[in-house]
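First up is the structure itself, then whatever we jot down about it.
Number of protein chains: 2
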Amino acid sequence: MTTIRRSSRDAISSITVEDVARRAGVSRATVSRVVNASPRVSPETRRAVEKAIEELRYVPNPAARALMTRRSDSVAVVILESANRLFEDPYFNQLLLGISGGLADQEVQLVLLIAQSGREEERLERYIAAGHVDGAMIIGPRGNDEMPRRLVDRGVPIVVNGRPSGHDLPGSPHTLSYVDVENREGARAAVAHLAAGGRRRIATIHGPLDLPSGRDRLSGYRDGLAAAGLEADPGLERPGEYIPAVAAEAMRTLLAQRPDIDAVFAASDSMAAAVLGVLLDAGRRVPDDVAIVGFDDSPVATSVRPALTTVRQPIVAMGREMARLLMRQIADPEGAPSRVIFPTELVVRDSSAPRPPAAAGPATASHSPSLGAVTPASTPPGAGR
Amino acid sequence: MTTIRRSSRDAISSITVEDVARRAGVSRATVSRVVNASPRVSPETRRAVEKAIEELRYVPNPAARALMTRRSDSVAVVILESANRLFEDPYFNQLLLGISGGLADQEVQLVLLIAQSGREEERLERYIAAGHVDGAMIIGPRGNDEMPRRLVDRGVPIVVNGRPSGHDLPGSPHTLSYVDVENREGARAAVAHLAAGGRRRIATIHGPLDLPSGRDRLSGYRDGLAAAGLEADPGLERPGEYIPAVAAEAMRTLLAQRPDIDAVFAASDSMAAAVLGVLLDAGRRVPDDVAIVGFDDSPVATSVRPALTTVRQPIVAMGREMARLLMRQIADPEGAPSRVIFPTELVVRDSSAPRPPAAAGPATASHSPSLGAVTPASTPPGAGR
DNA sequence: CTGAAAGCGCTAACAA
DNA sequence: TTGTTAGCGCTTTCAG
Chain A
1 MTTIRRSSRD
11 AISSITVEDV
21 ARRAGVSRAT
31 VSRVVNASPR
41 VSPETRRAVE
51 KAIEELRYVP
61 NPAARALMTR
71 RSDSVAVVIL
81 ESANRLFEDP
91 YFNQLLLGIS
101 GGLADQEVQL
111 VLLIAQSGRE
121 EERLERYIAA
131 GHVDGAMIIG
141 PRGNDEMPRR
151 LVDRGVPIVV
161 NGRPSGHDLP
171 GSPHTLSYVD
181 VENREGARAA
191 VAHLAAGGRR
201 RIATIHGPLD
211 LPSGRDRLSG
221 YRDGLAAAGL
231 EADPGLERPG
241 EYIPAVAAEA
251 MRTLLAQRPD
261 IDAVFAASDS
271 MAAAVLGVLL
281 DAGRRVPDDV
291 AIVGFDDSPV
301 ATSVRPALTT
311 VRQPIVAMGR
321 EMARLLMRQI
331 ADPEGAPSRV
341 IFPTELVVRD
351 SSAPRPPAAA
361 GPATASHSPS
371 LGAVTPASTP
381 PGAGR
Chain B
386 MTTIRRSSRD
396 AISSITVEDV
406 ARRAGVSRAT
416 VSRVVNASPR
426 VSPETRRAVE
436 KAIEELRYVP
446 NPAARALMTR
456 RSDSVAVVIL
466 ESANRLFEDP
476 YFNQLLLGIS
486 GGLADQEVQL
496 VLLIAQSGRE
506 EERLERYIAA
516 GHVDGAMIIG
526 PRGNDEMPRR
536 LVDRGVPIVV
546 NGRPSGHDLP
556 GSPHTLSYVD
566 VENREGARAA
576 VAHLAAGGRR
586 RIATIHGPLD
596 LPSGRDRLSG
606 YRDGLAAAGL
616 EADPGLERPG
626 EYIPAVAAEA
636 MRTLLAQRPD
646 IDAVFAASDS
656 MAAAVLGVLL
666 DAGRRVPDDV
676 AIVGFDDSPV
686 ATSVRPALTT
696 VRQPIVAMGR
706 EMARLLMRQI
716 ADPEGAPSRV
726 IFPTELVVRD
736 SSAPRPPAAA
746 GPATASHSPS
756 LGAVTPASTP
766 PGAGR
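For the record, the sequence lines run as chains A and B.
With the numbering used here applied, the first sequence corresponds to residues 1 to 385, in that order.
With the numbering used here applied, the second sequence corresponds to residues 386 to 770, in that order.
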């Protein structure tokens, strides 16, 4: 093995351990030890090697290293979402931010994979299955998407964002690690808050029902009505997507058919902002005529006027937790899958102030403990339940 | 959950060409030919191999392949930005969307790399220089960041988003490929539009000046004033960042010191939305008292009321173009660097309607050819007035 | 059209 | 502490 080639012609640096070794007057193995911070190298040798590395601007070839170590030192974030939502909704940004933060200490690179069609999703699954990454965080699988399960079956460490379908039953064994938020409880608190403010005809524009979060928030809405002694009314439940335009359309229809509503719970803040726009355009006063509560506490909640009351979910923290779980799973592939459920927090702003004619309730912000709904934030370790 | 080592062998599928070859009764070379769609394989052999691949669920090891081919078949998107902006601003989402779309046909994976600190940026540069990806699109390098240049020197194909510093002079030779938008012209058109609407004390909250887009939009603002015969007034220029909170603070200060302003040009829509909030909170009527124009045509522009007049930039198309340029450069590394500058388009909405008391000028929106500035928008419902 | 053989650049035993 | 020796799984001449 002489390696006669590798002259100065290649465009991209093709400097190898061999070159460094020769220059430093040591063997390839020693160079490798220095690069991998092995303690079994004498200080002077180390210095000589480091100098050679510096001078040659040597960087190890990741493919060769991965071939040997069977690790890529990178993990994937898989986003399964339509174009629309991806760029309407800051949810993904925040989650990414949290994930990226949770990985900052580790020597791991983040690989973002986006699939907007079945074909793309297949290619992406192959990519992951091939071992191109050491693990993956999967965001937004819909309905009966079996991709996460298949990857788990192949032995790939996986963490899913949001309770996967099939994990619906409270006591059912979970075979996938996932991170979720108390969607149902959050929605319940939102509606309880509206009812406490004197609202009686509370509608909802809910999210897609093939997403657990969509279903759970709708359930919470119903819980809230029931708890307040209000009757459920199918005409007040309107289907939506986590897309402003869809929510706006649903709201217009709702308003036309049920002009008497006095409150709306929207399944996301961007939806709530759209709802607000429709109401204002229709000449309704918010919150005097109609109150609004959203979900997320995204930046748009404070961009609009009146600012939106909303159910905050700790998205960044959730991202961080996903990263943590994944790294743990990579380190110990035999460990049991874990799930972490984060609490929500009702953030009261102007869009849900009690209706003026109502009795003098506490009109200022902050939570009303009497509702039993407001979960004080922090406290991430809400695992299991 | 048991899952005790589900297979006879390693946790992760370690099926190799060898296994496939044996099963199909051929040599490794032949399997490789089938996998790489070489024409030099007989149909029956091909079928046999494909069958074996299917049965064994074989996927090639990317590291081994990359080691041999010296290509990773993946490209990076490098985002150099603070947490704040990253999740306040849909700009990145749209750009990513365009990039991802531009890559859809190619057999290439997208690798997203985020750096929020110098340390992270260094690690990331090493990652790219190592040849972990075949090329990179770099978004948001500030001031005198030499990272793109260093990568180019190493022979890595690079495309930058936004004119890099050092490419300021119109006639200067460009040594880096980049995609940009006509920031200066767009800003000029915005101000011209405000002036045409009868505004006389037009302020600006501009972007960061260590970003070419920040500088260019400020220059355009000044151009617009000059063209309208309005005097430049340093007191009307307020520094900002592409962050709503920063813009809001700047606006509050401005309003306190110069309560007589009748228009504001903000360097981005999210900034403009924040400006709008401050003005409404201060009891100003928009657009009657103060008109607002933003930049981007991001979703928030139509979320707020009044909807924002804005300078649209074709972000998705820019992303697509970046991907195209990069792939071309990867295919032909010797080719000259290219740059593509996209036009902007003024989109007139409610926030900039002409002031009511003004003389009966042309009150409707749309362009004033004399200004040569306004590209008629495709008129989303609500243009004009 | 197919197989044999030679590495790609690296790490990881095993010696020395 | 350091060097020697084997490959990791794949593609790719070069024979047959």
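Every residue gets a Cβ at the ideal spot worked out from N, C-alpha and C, and that includes glycine.
- Leaving aside the five residues that flank A/R312 on each side, the residues in its chain whose CB is nearer than 8 Å to its CB run, in chain order, D296, D297, T344, E345, L346, V347 and A377.
- Around A/G143, the same chain offers S165 and D210 as residues with beta carbons nearer than 7 Å, after the five sequence neighbours per side are excluded.
- A/T344 sits in coil when the DSSP states are folded into three classes, being neither helix nor strand.
- Your pair A/T30 and A/T16 does not check out as a contact, with CB atoms roughly 14 Å apart and the cut at 8 Å.
- The beta-carbon separation of A/L112 and B/V460, rounded to 12 Å, does not stay under the 8 Å limit for a contact.
- For A/G335, the number of other beta carbons within 10 angstroms of its own is below 16, and it is reported as exposed.
- Three or more Cβ pairs closer than 8 Å define a contact, and the segment 321-328 of chain A falls short of that threshold against the segment 278-294 of chain A.
- Apart from sequence neighbours up to five positions away, the residues of its chain that approach B/R585 with a beta-carbon distance below 7 Å are L615 and D647, ordered along the chain.
- In this structure, DSSP gives A/Y242 a state outside helix and strand, which the three-state scheme calls coil.
- Residue environment analysis places B/A716 among the exposed positions, since fewer than 16 neighbouring C-beta atoms fall within 10 angstroms of its C-beta.
- The beta-carbon distance between B/I438 and B/V463, rounded to whole angstroms, is 35 Å. This is too long to meet the 8 Å contact definition.
- In the structure shown, the three-state DSSP call for B/I438 is helix.
- In this structure, A/Q109 sits away from A/D153, with a CB-CB distance that is not shorter than 8 Å.
- Looking at the DSSP output, A/R312 sits in a beta bridge with A/D296 and A/E345.
- For B/L498, the neighbours in chain A by C-beta distance under 8 Å run, in chain order, Q109 and L110.
- A check of alpha carbon separations from A/A115 across B/E505, B/D490, B/E506 and B/L509 identifies B/D490 as the nearest.
- Cβ-Cβ distances below 6 Å link B/A514 to R539 in the same chain, with the five nearest sequence neighbours on each side left out; the list follows chain order.
- Exposure of B/N421 is indicated by the presence of fewer than 16 other C-beta atoms within 10 angstroms of its C-beta.
- Along the segment 583-653 of chain B, the alpha helix (DSSP H) occurs as fully enclosed runs of 4 or more residues at 597-612 and 629-642, listed in sequence order.
- In the DSSP assignment, A/D73 falls outside any beta strand (DSSP E) and carries neither an H nor an E.
- Sixteen is the threshold: when 16 or more other Cβ atoms of the shown chains lie within 10 Å of the Cβ of B/P447, as they do, the residue is buried.
- Between the alpha carbons of A/V278 and A/R252 lies a distance of about 7 Å.
- Close partners of A/G140 in chain B (Cβ separation under 8 Å) are lacking, with about 14 Å as the shortest Cβ gap.
- In this structure, B/L441 lies away from B/R413, with their beta-carbon atoms at least 8 Å apart.
- In the three-state DSSP reduction, A/S303 falls in the helix class (H, G or I).
- With a 10 Å radius around the Cβ and a threshold of 16 neighbouring Cβ atoms, B/E492 comes out exposed.
- Between A/E125 and A/R150, the CB-CB gap stays under 8 Å.
- If the five residues before and after B/A617 are omitted, its C-beta is found closer than 8 Å to the C-beta atoms of R607, L610 and A611, all from its own chain and listed in chain order.
- Collapsing the DSSP output to three states places B/Y563 in a strand.
- Chain B has no Cβ within less than 8 Å of the Cβ of A/L151.
- Chain B places a beta carbon closer than 8 Å to that of A/N93, counting this residue as a contact.
- Under the Cβ criterion of 8 Å, A/V49 is not counted among the residues facing chain B.
- Rounded to whole angstroms, the gap between the alpha carbons of B/R450 and B/S562 is 29 Å.
- Remark: C-beta atoms of B/L452 and A/L67 approach each other more closely than 8 Å.
- A/R312 does not reach chain B, its nearest Cβ partner there being about 14 Å away, counting only Cβ pairs nearer than 8 Å.
- Counted as a single uninterrupted DSSP element, the beta strand (DSSP E) harbouring B/A521 occupies residues A521 to I524.
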